[in-house]
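Since the structure comes first, as structure tokens, the remarks are kept for the end.
Number of protein chains: 2
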Amino acid sequence: MKDVASAAGVALKTVSRVVNGEPGVHPATANRVRAAIDRLGYSRNESARVLRRGRTATVGLVIEDVGDPFYAGLGRAVETVATAHGHLLLSGSSSEDPARERELVLTFCARRVDGLIVVPAGRDHSYLRPELDAGTPAVFADRPPGPGLDVDTVLADNAGGAALATRHLLAHGHTRIAFLGDDPAIFTAARRLHGYRTALGSLYDERLVWMGTPSPEPVRAALDHMLALDRPPTALFTGNGRLTVTALRALAGRRLALVGFDDFELSDLLRPAVTVIAQDPARMGRVAAELLFRRLSGDTGPAQNPILPVSLIPRGSGEISP
Amino acid sequence: MKDVASAAGVALKTVSRVVNGEPGVHPATANRVRAAIDRLGYSRNESARVLRRGRTATVGLVIEDVGDPFYAGLGRAVETVATAHGHLLLSGSSSEDPARERELVLTFCARRVDGLIVVPAGRDHSYLRPELDAGTPAVFADRPPGPGLDVDTVLADNAGGAALATRHLLAHGHTRIAFLGDDPAIFTAARRLHGYRTALGSLYDERLVWMGTPSPEPVRAALDHMLALDRPPTALFTGNGRLTVTALRALAGRRLALVGFDDFELSDLLRPAVTVIAQDPARMGRVAAELLFRRLSGDTGPAQNPILPVSLIPRGSGEISP
DNA sequence: TTGAAAGCGCTAACAT
DNA sequence: ATGTTAGCGCTTTCAA
Numbered sequence: 012m013k014d015v016a017s018a019a020g021v022a023l024k025t026v027s028r029v030v031n032g033e034p035g036v037h038p039a040t041a042n043r044v045r046a047a048i049d050r051l052g053y054s055r056n057e058s059a060r061v062l063r064r065g066r067t068a069t070v071g072l073v074i075e076d077v078g079d080p081f082y083a084g085l086g087r088a089v090e091t092v093a094t095a096h097g098h099l100l101l102s103g104s105s106s107e108d109p110a111r112e113r114e115l116v117l118t119f120c121a122r123r124v125d126g127l128i129v130v131p132a133g134r135d136h137s138y139l140r141p142e143l144d145a146g147t148p149a150v151f152a153d154r155p156p157g158p159g160l161d162v163d164t165v166l167a168d169n170a171g172g173a174a175l176a177t178r179h180l181l182a183h184g185h186t187r188i189a190f191l192g193d194d195p196a197i198f199t200a201a202r203r204l205h206g207y208r209t210a211l212g213s214l215y216d217e218r219l220v221w222m223g224t225p226s227p228e229p230v231r232a233a234l235d236h237m238l239a240l241d242r243p244p245t246a247l248f249t250g251n252g253r254l255t256v257t258a259l260r261a262l263a264g265r266r267l268a269l270v271g272f273d274d275f276e277l278s279d280l281l282r283p284a285v286t287v288i289a290q291d292p293a294r295m296g297r298v299a300a301e302l303l304f305r306r307l308s309g310d311t312g313p314a315q316n317p318i319l320p321v322s323l324i325p326r327g328s329g330e331i332s333p
Numbered sequence: 012m013k014d015v016a017s018a019a020g021v022a023l024k025t026v027s028r029v030v031n032g033e034p035g036v037h038p039a040t041a042n043r044v045r046a047a048i049d050r051l052g053y054s055r056n057e058s059a060r061v062l063r064r065g066r067t068a069t070v071g072l073v074i075e076d077v078g079d080p081f082y083a084g085l086g087r088a089v090e091t092v093a094t095a096h097g098h099l100l101l102s103g104s105s106s107e108d109p110a111r112e113r114e115l116v117l118t119f120c121a122r123r124v125d126g127l128i129v130v131p132a133g134r135d136h137s138y139l140r141p142e143l144d145a146g147t148p149a150v151f152a153d154r155p156p157g158p159g160l161d162v163d164t165v166l167a168d169n170a171g172g173a174a175l176a177t178r179h180l181l182a183h184g185h186t187r188i189a190f191l192g193d194d195p196a197i198f199t200a201a202r203r204l205h206g207y208r209t210a211l212g213s214l215y216d217e218r219l220v221w222m223g224t225p226s227p228e229p230v231r232a233a234l235d236h237m238l239a240l241d242r243p244p245t246a247l248f249t250g251n252g253r254l255t256v257t258a259l260r261a262l263a264g265r266r267l268a269l270v271g272f273d274d275f276e277l278s279d280l281l282r283p284a285v286t287v288i289a290q291d292p293a294r295m296g297r298v299a300a301e302l303l304f305r306r307l308s309g310d311t312g313p314a315q316n317p318i319l320p321v322s323l324i325p326r327g328s329g330e331i332s333p
């Protein structure tokens with residue numbers, strides 16, 4: 012900037028004015044400055060600008076896995092909103108590891124992101140307290156923060172969706188409905204179990220419930236075990252997209268009614284096509300980002316906690332009779 | 012940092028030493044400083060550090076769409092390598108728009124990223140020249156840069172993979188093999204057409220080739236048109252994952268042999284299961300990131316241009332006879 | 001309309 | 001082992 016100034020024969024501040032489009036610069040002067048900028052290939056050093064202004068025009072996004080379709084869709088929506096507000100996106104994957112989540116969040120804070128959007132892996136977010144007090148707003152998405160943190164949170168209607176799926180299978184005559192869910196320590200998994208259990212009422216049978224990490228072998232074993240019971244399940248409700256796919260592979264042709272939580276690409280091309288409870292990851296990302304930017308523009312109202320609706324998409328697999 | 016220094020009764024520089032783990036600080040002093048840091052909840056301002064040191068420990072990633080599975084997988088691999096090198100990832104989607112690509116790259120440069128990984132949307136990258144000369148290395152992935160830019164580039168063996176697919180269908184007795192490809196302005200699409208055409212030799216018939224944006228209606232129309240020909244195709248080679256899926260939907264049960272470029276989730280669960288030419292997006296991301304970090308650690312050797320192999324995965328759809 | 005000076009928070013270079 | 005000083009490149013404040 013100094014070089015540009017001397018090349019254009021003006022003071023530093025005048026270059027700064029031109030670069031920032033501030034008013035009160037004579038058009039002729041401005042043109043001279045712009046010419047010098049082009050000639051020298053100057054571009055503003057954002058680091059210095061950030062240091063001086065205290066705002067980075069950057070948003071930090073911590074999700075479970077940047078490569079997972081659900082979170083990738085969420086991230087894309089966040090990016091779109093951030094771009095519209097002239098902000099850049101710094102993103103990282105927690106890999107479902109609370110320590111990594113914390114590290115990412117604190118690294119982002121050290122870089123002075125203006126705000127955070129977090130899909131938490133852990134249940135304790137007291138480490139965020141100082142950052143929040145220091146004025147860095149955070150919005151939680153998909154899962155709530157740990158106790159004691161009163162921040163905006165966008166959740167899907169997990170329990171409602173699970174109940175919807177379960178009632179759908181009940182309505183088609185099933186009374187033995189199995190549930191495969193993710194680790195119950197994960198918020199969404201626990202809520203979905205809750206919805207399933209509530210909808211089932213007295214038909215609930217814990218032998219038809221398996222929860223754990225969705226790798227093929229345990230899922231296959233659990234299914235085999237359930238199908239060997241005296242009164243085996245005639246229907247299956249899977250608690251997330253990965254489990255649906257894993258179960259589909261493990262089932263390999265066995266005729267069981269199936270409803271899965273989360274929609275997935277090609278669900279319509281399978282035979283039978285798969286009935287699902289669909290969430291809208293893009294909407295979740297958009298809502299979270301909009302809440303964040305509302306905070307960034309000064310909103311200090313009480314924390315918002317929108318619950319996003321989910322919908323049942325009947326495609327065939329969920330409409331099979333016992 | 013100043014506050015920490017006076018709280019601990021030491022000079023600024025001593026705090027700096029402790030924070031950066033520099034040697035030559037008395038353990039007792041260091042402990043006093045650390046106590047002050049904890050008490051005051053101090054965390055280093057990275058913006059200031061960046062300004063002073065000139066390195067941001069940040070890598071910029073420009074891809075077509077953060078939400079696309081192929082690029083999301085590539086991005087995840089880049090993130091892993093960047094994290095291993097203590098770097099953060101700034102990422103953005105170009106949406107196949109050259110202007111947006113340029114804007115993102117230049118924004119990243121203004122933020123002084125240490126290096127760039129770019130999946131280019133445009134064919135002209137002269138705008139990168141000044142940045143490269145200024146010492147910001149760039150690695151291109153999936154597609155090469157425009158003319159005049161001699162930078163590291165990681166590509167897949169597009170032509171080879173297309174030829175492999177075509178020969179596979181020929182070997183199964185097909186002589187009428189159609190090709191659906193992306194817009195030929197896209198590098199990978201052009202290379203795949205080339206491989207297909209080469210493998211087909213004198214059997215090539217331009218009436219069996221359609222290239223364009225893979226939205227459902229045009230693809231359906233093109234297929235209908237081809238199937239109404241005197242000598243209709245008995246096999247189909249689709250030039251990317253989205254086209255494979257689109258074609259599958261348009262085909263809806265018609266018995267045509269099919270090989271698709273790009274593997275996709277659930278390809279094994281369709282009936283027939285889909286034979287594909289598989290790329291490895293994670294490997295592409297990893298190789299690109301490793302090339303970048305080699306440059307960042309001072310390698311000034313000639314530009315590298317690795318071609319990643321692809322492989323044919325026979326699953327059924329490609330082994331159907333005419 | 002333009003400019004001079006101070007300083008954002010840190011680290012490098014050079015004392016002590 | 002610890003401290004002092006200068007300055008990274010910009011914006012803010014105040015003055016001309």
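The listed protein sequences derive, respectively, from chains A and B.
Here the first sequence stands for residues 12 to 333, numbered as in the working numbering.
Here the second sequence stands for residues 12 to 333, numbered as in the working numbering.
All residues carry an ideal CB built from backbone N, CA and C; glycine is no exception.
Given the structure is predicted, the values throughout are model-derived calculations rather than measurements.
Beta bridge counterpart(s) of residue i as assigned by DSSP
i: residue 12 (chain B); result: Answer by DSSP bridge pairing: none, since residue 12 (chain B) is not bridged.
i: residue 270 (chain A); result: A:248, A:286
i: residue 103 (chain A); result: A:73
i: residue 254 (chain A); result: In DSSP, residue 254 (chain A) forms no bridge with anything.
i: residue 220 (chain A); result: A:190
i: residue 129 (chain B); result: B:73, B:151
i: residue 167 (chain B); result: B:319
i: residue 327 (chain A); result: A:284
Rounded C-alpha distance that separates residue i from residue j
i: residue 153 (chain B); j: residue 52 (chain B); result: 45 angstroms
i: residue 170 (chain A); j: residue 286 (chain A); result: 17 angstroms
i: residue 155 (chain A); j: residue 241 (chain A); result: 39 angstroms
i: residue 268 (chain B); j: residue 326 (chain B); result: 11 angstroms
i: residue 48 (chain A); j: residue 62 (chain B); result: 21 angstroms
i: residue 288 (chain B); j: residue 261 (chain A); result: 25 angstroms
i: residue 12 (chain A); j: residue 42 (chain A); result: 15 angstroms
i: residue 125 (chain A); j: residue 83 (chain A); result: 21 angstroms
i: residue 227 (chain B); j: residue 258 (chain B); result: 8 angstroms
i: residue 128 (chain B); j: residue 299 (chain A); result: 28 angstroms
i: residue 249 (chain A); j: residue 270 (chain A); result: 6 angstroms
i: residue 317 (chain B); j: residue 310 (chain B); result: 16 angstroms
i: residue 174 (chain A); j: residue 162 (chain A); result: 27 angstroms
i: residue 218 (chain B); j: residue 204 (chain B); result: 14 angstroms
i: residue 178 (chain A); j: residue 66 (chain A); result: 50 angstroms
i: residue 210 (chain B); j: residue 168 (chain B); result: 14 angstroms
i: residue 38 (chain B); j: residue 103 (chain B); result: 44 angstroms
i: residue 45 (chain B); j: residue 293 (chain A); result: 43 angstroms
i: residue 280 (chain B); j: residue 281 (chain A); result: 7 angstroms
i: residue 334 (chain A); j: residue 70 (chain A); result: Nothing in the structure corresponds to residue 334 (chain A), since chain A is present only between 12 and 333.
Of the listed residues the options, nearest to residue i (C-alpha basis)
i: residue 321 (chain A); options: A:18, A:186, A:225, A:206; result: A:206
i: residue 214 (chain B); options: B:188, B:221, B:229, B:223; result: B:188
i: residue 145 (chain A); options: A:134, A:161, A:157, A:123; result: A:123
i: residue 73 (chain A); options: A:140, A:42, A:99, A:151; result: A:151
i: residue 247 (chain A); options: A:64, A:234, A:240; result: A:234
i: residue 9 (chain A); options: A:176, A:302, A:243; result: The structure shown does not extend to residue 9 (chain A), since chain A spans only 12 to 333, so no value can be given for it.
i: residue 273 (chain B); options: B:200, B:298, B:216; result: B:200
i: residue 158 (chain B); options: B:282, B:178, B:133, B:312; result: B:133
i: residue 107 (chain B); options: B:163, B:93, B:79, B:95; result: B:79
i: residue 297 (chain A); options: A:310, A:59, A:18, A:94; result: A:94
i: residue 319 (chain B); options: B:164, B:55, B:237; result: B:164
i: residue 255 (chain B); options: B:85, B:40, B:276, B:186; result: B:276
i: residue 315 (chain A); options: A:323, A:324, A:301, A:87; result: A:301
i: residue 87 (chain A); options: A:291, A:312, A:34; result: A:291
For residue j and residue i, believed in contact at Cβ under 8 angstroms, the rounded distance
i: residue 130 (chain A); j: residue 75 (chain A); result: 6 angstroms
i: residue 97 (chain A); j: residue 68 (chain A); result: 6 angstroms
i: residue 148 (chain B); j: residue 306 (chain B); result: 4 angstroms
i: residue 54 (chain A); j: residue 121 (chain B); result: 5 angstroms
*Three or more beta-carbon pairs under 8 angstroms between the region 136 to 143 of chain B and the region 103 to 120 of chain B, yes or no?*
yes
*Does the region 178 to 196 of chain A come within contact of the region 219 to 233 of chain A, defined as at least 3 CB pairs closer than 8 angstroms?*
yes
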